[in-house]
Amino acid sequence: MEDGEPNVSSSNKDTNEQYVDSVNTDESDLHYGLYHTLSGVKTNKPYLITLVVGDTNVPITMEIDTGAARSTISEHVYKSSLAHYPIKDTNITLRGYSGEKVPVIGSIVVTAKYGGSSCRMDLLVVKGSRPSLFGRDHLSKIKLDWENIFVVSEPKPAKVGIQNLGNPVSPTLENLLSQNQKIFSSREMGIKGFSARLRVKAKSRPKYQKSRPVPYSLLSKVENEYEKLIKNDIVTQVNYSEWASPVVHVQKGNGEIRVCGDYKALNDCIEDEGYKLPNTNDLFAKLAQGGTHPKVFSVLDLSGAFNQLFLDDESARLLVMNTHKGLLSPKRLCYGVKTAPAIFQETMDKILSGLDNVFCYIDDILIATENENSHLKALEAVFARLNMHNVRLNGTKCQFMKSKIRYLGHELTSEGVSPLQDKIEAIQKAPRPTNVSELKSFLGMVNYYGKFVRNLSSQMQPLYALLQHNINWVWSDDCEQAFVNAKNALASNQVLTHFDPNKPLVLSVDASPCGLGAVLGHRYPDGSDRPIAYASRTLSQTEKNYAQIEKEALAIIFGIKKFHLYLYGTNFTLITDHQPLTKIFGPKHGIPALAAAGCRDGQCYCPHISTILSTALLQRMQMQICSADSQLGKPQW
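Throughout, our numbering is defined as the position within the sequence shown, counted from one, plus 685.
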């Protein structure tokens, strides 16, 4: 035990007085040697396991102590969790290393399970609230992961921090994490069953680039990182290579160095991958599919991500890095390779395929379920897949069973999706752009959260005008007002509801002199409306010359195309504030001239509008088109 607690031990002497340096006579020589070898290893923290006890599956957390000949629980644990087991008298006396006696109340007999093992345990109940000890009297009966319990040359893997768990902590979750500590280890890291393959374009010639000097202030850190990469079998030293790229040393926030190859020249020689990364909007749209309403969330962060995926031999020779210490050939997929995200995404999608309520974006796995029971089952299924393929997690960055969670720049709750407040604050603090490059950067930040703001493009039209060719940079009052309006709009704390295929859909569209807007949402039985997403775009110079009825028709087509993944094959209500369009697009009394011009050769057109929708698409979308002042009323978003 630590912190002055006596380390309990025992022997089979006739006096029943048991000491730390003795071993039960029925233990084999193998166990004797193993216990005494391990007991000499220094560890910083106790290694804890959680046993499931009895028919009621009571979780009991115990500290593994190879120096303790008998397993013990404290009086406090007995009274709080195991009081239904009768205590038997015992004449056993326990002594610590210093010789002082440890008061024993008695013993209980329980059946305990851990992982796939179970055994009958005789536990001594000791006075006070001492740590419960899993001694060597039962070590041979329960299968433990000794490789991760005691590590001589490296620190043992850290247990998942309790601060990363939901509150209160589920005993079942604690037990599940305890049984899957291997996936939080950094040892023997490497995904099994998959490898990364890079394809070189035809007629590409090898490119060899010289190494770059390293700043003196970073030299020792960089060289230590090289040694670490070699030791962890991530790179290997080579004497010759036709291909070589210089190294970029990125300093992390914690002061550590990340070694990346500068693969700009190589990327020009590599074929693009056909596999696409998932769109965040598409991913969030799947959260409530199947009629479930997610209320419990976990995010699993992969440790090292790309560095877990081995390269095939042909690809490894392409990624050789030229350093001041010589050539290093990576064995794993590297950051900076343009196809790395797509390759890794495809690998993770295959590993996690078929699992319900599980989503993955490169190295971030999201689990979203309706309740805790289904969540624990989903976690168990994910852990099983990760163990099967030797995928490792970064326990310090994982978040478990929370009602509110951060994922891909958004906050997820049972109510829906909202932007992260710190990201919005960063946009609020963004300085006024002074050139086109800075303006593009600002617009990129704002547009990432554009789905949270209605008619955002129209509000920012003066800013988009500055991006046109042959336009001098003049920051006008209109630009300043648009800049301020965009910031204020994002500060409205809008929450987007989860898309539910079982709820009625409402698409509301409108057009202004300079832009188009569309809102997709759900209408609830109480008459309330909740937006799923907003969309907008500015009008081209040609489109600005359209008649208003044509702009409104264009807004309908824009909204349907923008949200066609939600609308296809469904019944939905389309709402426009331009009543004449209800006649043109409606099922009765259409305006002949425009209606006749609408369909030709299987395609549907609006006059002077280049955007088209196939007839088949419109047939699958059963629209009820209404004006905004109809009895349905204008959506309140």
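The beta-carbon is built from N, C-alpha and C at its ideal position, and this holds for glycine as well.
### Query
Is it right to say P1198 is buried, meaning 16 or more other beta carbons lie within 10 angstroms of its own, or is it exposed?
Here residue 1198 is taken as the residue at index 513 of the sequence shown, counted from 1. It counts as exposed.
### Message
Three or more C-beta pairs under 8 Å: does that hold for the region 1164-1180 against the region 1071-1084?
### Response
no
### Message
Using only CA atoms, which one of S1038, A1053, K1089 lies nearest to A1069?
### Response
On the sequence shown, position 384 is the one that residue 1069 refers to. A1069 has its Cα closest to that of S1038, out of S1038, A1053, K1089.
### Task
Look at the alpha carbon of Y1219 and the alpha carbon of L1252, and state the distance between them as a whole number of angstroms.
The residue you call residue 1219 lines up with position 534 of the sequence shown. The residue you call residue 1252 lines up with position 567 of the sequence shown. C-alpha separation (whole angstroms): 14 Å.
### Query
For the candidate residues K1136, E1123, N1173, whose alpha-carbon lies nearest to that of Y1149?
Numbered from its first residue, the sequence shown carries residue 1149 at position 464. Nearest of K1136, E1123, N1173 to Y1149, Cα basis: E1123.
### Message
If the criterion is Cβ atoms closer than 9 Å, does the pair F1137 and Q1179 meet it?
### Response
Here residue 1137 refers to the residue found at position 452 when the sequence shown is read from its first residue. Here residue 1179 refers to the residue found at position 494 when the sequence shown is read from its first residue. Cβ distance < 9 Å, so F1137 and Q1179 count as in contact.
### Message
Between the alpha carbons of D711 and P856, how many angstroms are there, rounded?
### Response
On the sequence shown, position 26 is the one that residue 711 refers to. On the sequence shown, position 171 is the one that residue 856 refers to. Unreliable positioning characterises D711 in this predicted model, as indicated by a pLDDT of 36, which lies under 50. A coordinate reading is not provided.
### Query
Got a sec? Which residues, its chain only, sit under 8 Å from P771 by beta carbon, not counting five neighbours each side?
Here residue 771 refers to the residue found at position 86 of the sequence shown. Within the same chain, P771 has close Cβ partners I793.
#### Entry: Contact check, S759 vs G813, beta carbons under 9 Å
Working through the sequence shown from its first residue, we reach residue 759 at position 74. Working through the sequence shown from its first residue, we reach residue 813 at position 128. In this structure, G813 lies closer than 9 Å to S759 by Cβ.
### Message
So, at 6 Å on beta carbons, what are the nonlocal neighbours of S863 in its own chain, with the 5 sequence-adjacent residues on each side left out?
### Response
Here residue 863 refers to the residue found at position 178 when the sequence shown is read from its first residue. Counting only Cβ-Cβ distances below 6 Å, and skipping sequence neighbours, we find I734, T735.
#### Entry: Between the CA atoms of L1239 and A1203 - distance to the nearest angstrom
Here residue 1203 refers to the residue found at position 518 when the sequence shown is read from its first residue. Here residue 1239 refers to the residue found at position 554 when the sequence shown is read from its first residue. When rounded, the distance between both Cα atoms is 11 Å.
### Query
Which whole-angstrom value describes the C-beta separation of T796 and S803, a residue pair presumed to lie in contact below a C-beta threshold of 8 Å?
Here residue 796 refers to the residue found at position 111 of the sequence shown. Here residue 803 refers to the residue found at position 118 of the sequence shown. With a Cβ gap of about 6 Å, T796 and S803 count as contacting.
### Message
Just checking: is the beta-carbon of W1160 within a distance shorter than 9 Å of some beta-carbon in chain D?
### Response
Among the chains in the structure shown there is no chain D, since it carries only a single protein chain.
### Query
Is it true that the CB of A929 sits closer than 9 Å to the CB of P979?
The residue you call residue 979 lines up with position 294 of the sequence shown. The residue you call residue 929 lines up with position 244 of the sequence shown. In this structure, A929 does not lie closer than 9 Å to P979 by Cβ.
### Message
If I follow the unbroken beta strand (DSSP E) through C1164, where does it start and stop?
### Response
One-based indexing of the sequence shown puts residue 1164 at position 479. First-last for C1164: 1162-1175, but that is the alpha helix (DSSP H), not the beta strand (DSSP E).
### Query
In chain order, which continuous runs of the beta strand (DSSP E) of length 3 or greater are located wholly inside the region 772-817?
778-780, 789-799, 802-811
#### Entry: Length of the line joining the Cα atoms of K1108 and L903
Taking the first residue of the sequence shown as 1, we reach residue 1108 at position 423. Taking the first residue of the sequence shown as 1, we reach residue 903 at position 218. One C-alpha to the other measures close to 31 Å.
### Proximal residues to G800 (C-beta, below 7 Å), its chain only, five neighbours per side dropped
Looking up residue 800 in the sequence shown gives position 115. Counting only Cβ-Cβ distances below 7 Å, and skipping sequence neighbours, we find K828, Q864.
### Residue burial classification, D822 (beta-carbon count within 10 angstroms, cutoff 16)
Position 137 of the sequence shown, counting from 1, holds the residue named residue 822. The residue is buried, with at least 16 neighbouring Cβ atoms inside 10 Å.
### Task
Give every residue of the same chain whose Cβ lies closer than 8 Å to the Cβ of N1056, excluding the five residues on either side of it in the sequence, and list them in chain order.
Residue mapping note: residue 1056 aligns to position 371 of the sequence shown, counting from 1. Excluding sequence neighbours, N1056 sits near K980, V981.
#### Entry: Simplified DSSP state of T1255, which is helix, strand or coil
Sequence index remark: in the sequence shown, residue 1255 carries index 570 (1-based). Three-state result, T1255: coil.
### Query
What is the DSSP secondary structure of Y1219, counted as helix, strand or coil?
Here the question's residue 1219 lines up with position 534 in the sequence shown. Here Y1219 sits in strand by DSSP.
### Task
Compute the Euclidean distance between the alpha carbons of K1188 and D1262, then round it to the nearest angstrom.
If you number the sequence shown from 1, residue 1188 lands on position 503. If you number the sequence shown from 1, residue 1262 lands on position 577. If you take the alpha carbons of K1188 and D1262, they lie about 23 Å apart.
### Message
Please tell me whether E956 and K886 are closer than 9 Å, where the distance is taken between their beta carbons.
### Response
By 1-based counting over the sequence shown, the position of residue 956 is 271. By 1-based counting over the sequence shown, the position of residue 886 is 201. Taking 9 Å as the Cβ cut-off, E956 and K886 qualify as a contacting pair.
### Sequence-distant residues of the same chain with beta carbon closer than 6 Å to M1145, five excluded per side
Against the sequence shown, residue 1145 aligns to sequence position 460. For M1145, where only same-chain residues beyond five positions count, the Cβ hits under 6 Å are A1167, A1171.
### Message
Are the CB atoms of H1207 and L1192 within a distance shorter than 9 Å?
### Response
Against the sequence shown, residue 1192 aligns to sequence position 507. Against the sequence shown, residue 1207 aligns to sequence position 522. Their beta carbons are not under 9 Å apart, which means L1192 does not touch H1207 by this criterion.
### Contact belief for I1047 with A970 at Cβ below 8 Å, rounded distance in angstroms
Working through the sequence shown from its first residue, we reach residue 1047 at position 362. Working through the sequence shown from its first residue, we reach residue 970 at position 285. In fact, because the Cβ distance is near 18 Å, the residues do not count as touching under 8 Å.
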